[in-house]
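>
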Amino acid sequence: MTEQQVQARTRRKPRSLAQELVTVLTERIRSGQLKRGDKLPTESQIMAEEGVSRTVVREAISRLQAAGQVETRHGIGTFVLDAPAGSGFRIDPATVVTLREVLAVLELRIALEIESAGLAAQRRDDQQLAGMRAALDEINESAAHASDAVSADFQFHLRIAQASGNHYFADIINHLGTSIIPRTRLNSARIAHDDQAHYMSRLRHEHEAIYEAIARRDSEGAKMAMRMHLSNSRERLRQAHEAAEAQGV
1 MTEQQVQART
11 RRKPRSLAQE
21 LVTVLTERIR
31 SGQLKRGDKL
41 PTESQIMAEE
51 GVSRTVVREA
61 ISRLQAAGQV
71 ETRHGIGTFV
81 LDAPAGSGFR
91 IDPATVVTLR
101 EVLAVLELRI
111 ALEIESAGLA
121 AQRRDDQQLA
131 GMRAALDEIN
141 ESAAHASDAV
151 SADFQFHLRI
161 AQASGNHYFA
171 DIINHLGTSI
181 IPRTRLNSAR
191 IAHDDQAHYM
201 SRLRHEHEAI
211 YEAIARRDSE
221 GAKMAMRMHL
231 SNSRERLRQA
241 HEAAEAQGV
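So the sequence shown is numbered by full-length UniProt numbering: it starts at 1 and just counts up by one.
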């Protein structure tokens with residue numbers, strides 16, 4: 001890729017670049033360049049080949065995971081799966097774009113993640129706890145530099161689901177991908193009538209409360225903290241949805 005092409009692409013929005021990368025990788029899978037069981041190139045290789053940022057690569061991989069085309073084995077890499085069947089339960093993250101749809105996904109998360117957090121507090125090991133801490137540190141570091149923390153936010157919730165000891169929790173979170181994070185689709189700070197720094201500070205305190213309860217193996221405390229975190233998000237979005245409907249948006 002030429003320098004001019006790279007500069008042109010970097011001016012594009014990360015979300016549209018991620019979708020372009022999804023299309024490129026999907027075509028490689030469909031054409032047989034990447035077959036079932038093949039390992040995808042590393043993030044760094046894809047960044048160099050396609051001239052995109054690490055955020056774009058991670059978002060594209062999350063979308064491929066959600067579509068059931070690949071799976072990521074932590075510490076090993078991302079591998080191509082069989083083409084997903086045409087029937088059965090499926091949520092297409094690309095359709096989660098409106099307030100109503102984001103709110104519906106959040107309600108699903110409340111049903112799942114409260115119990116997941118409680119189980120994680122009982123069953124987590126030290127390595128899993130360290131993974132949660134690393135994700136939180138990345139969120140906080142991103143917020144401090146006013147950069148995108150969506151990928152790290154997703155990883156925090158995914159690692160809690162993995163620590164639950166029930167792989168179905170993690171499977172569903174992986175299926176949904178980063179679309180579970182409301183600000184992937186919407187300007188959550190604006191919806192909450194809040195400035196970005198204060199909004200991220202509130203999220204940090206909510207995340208830390210979840211982590212601390214899991215760290216001390218307080219199952220009920222972890223469930224309560226997760227309920228508070230997700231319910232606060234739901235309430236902010238619900239109020240915004242009602243206001244939008246009242247205005248005929």
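Note that CB positions come from ideal geometry on N, CA and C, so glycine has one too.
Quick one: does Gly37 have its CB under 7 Å from some CB of chain C?
Absent from the structure: chain C. Only one protein chain is present.
> May I ask you to report which of helix, strand or coil DSSP gives Thr42?
coil
> Could you give the residue range of the alpha helix (DSSP H) that holds Arg159?
Val150 to Ala163
> What three-state label does DSSP hand Arg54 in the structure shown?
Arg54 carries a helical assignment under DSSP once its states are collapsed to helix, strand and coil.
> Determine, using beta carbons only, whether Asn174 and Gln69 come nearer to each other than 7 Å.
no
> Suppose you measure from the CA of Arg183 to the CA of Asp126; what does that come to, to the nearest Å?
No answer about Arg183 holds up, because its pLDDT of 48 lies below 50 and its placement is not dependable.
> Residue range of the beta strand (DSSP E) that Gly77 falls in?
Gly77 to Val80
> Anyone know if the C-beta pair for Glu43 and Arg54 falls short of 7 Å?
For Glu43 and Arg54, yes; Cβs fall inside 7 Å.
> Going by DSSP, what residue range makes up the beta strand (DSSP E) through Arg216?
Careful: Arg216 lies outside any beta strand (DSSP E) and carries neither H nor E.
> Measuring alpha carbon to alpha carbon, tell me which residue in Ala48, Ile114 and Lys39 is nearest Ile214.
Ile114
> Restricting to Cα atoms, I'd like to know which of Ala222, Val57, Arg30 and Met47 is closest to Val80.
Arg30
> Is it buried or exposed for Gln162, if we count other Cβ within 10 angstroms and need 16 for buried?
buried
> Go ahead and label Lys223 buried or exposed: buried means 16 or more other beta carbons lie within 10 angstroms of its beta carbon, across all protein chains shown.
buried
> Between the alpha carbons of Tyr168 and Gly221, how many angstroms are there, rounded?
22 Å
> Under DSSP, the alpha helix (DSSP H) around Asp171 begins and ends at which residues?
His167 to Leu176
> Tell me which same chain residues have a C-beta within less than 8 Å of the C-beta of Val24, skipping the five on either side of it?
Glu50
> My output table needs one value for Arg124: the three-state DSSP class, helix, strand or coil.
coil
> Mind checking Thr95: buried by the 16 CB within 10 Å criterion, or exposed?
Note that Thr95 scores 49 on pLDDT, short of 50, meaning its location in the model is unreliable; the coordinates nonetheless yield the value given after this. Exposed is the call here.
> Does the Cβ of Arg73 have 16 or more other Cβ atoms within 10 Å, making it buried, or fewer, making it exposed?
Exposed, by the Cβ-count rule.
> Under 8 Å by Cβ, that's how I've got Leu103 and Arg234 pegged, so tell me the actual separation to the nearest angstrom.
7 Å
> Rank Ala111, Val105, Glu212 and Ile139 by C-alpha distance to the C-alpha of Leu129 and give the top, closest one.
Glu212
> What did DSSP end up calling Arg100 once you bin it into helix, strand or coil?
It is helical.
> Just to confirm my understanding: we take Val22, look at its own chain, exclude 5 residues before and 5 after, and list those with CB closer than 7 Å. What are they?
Ala60, Arg63 and Leu64
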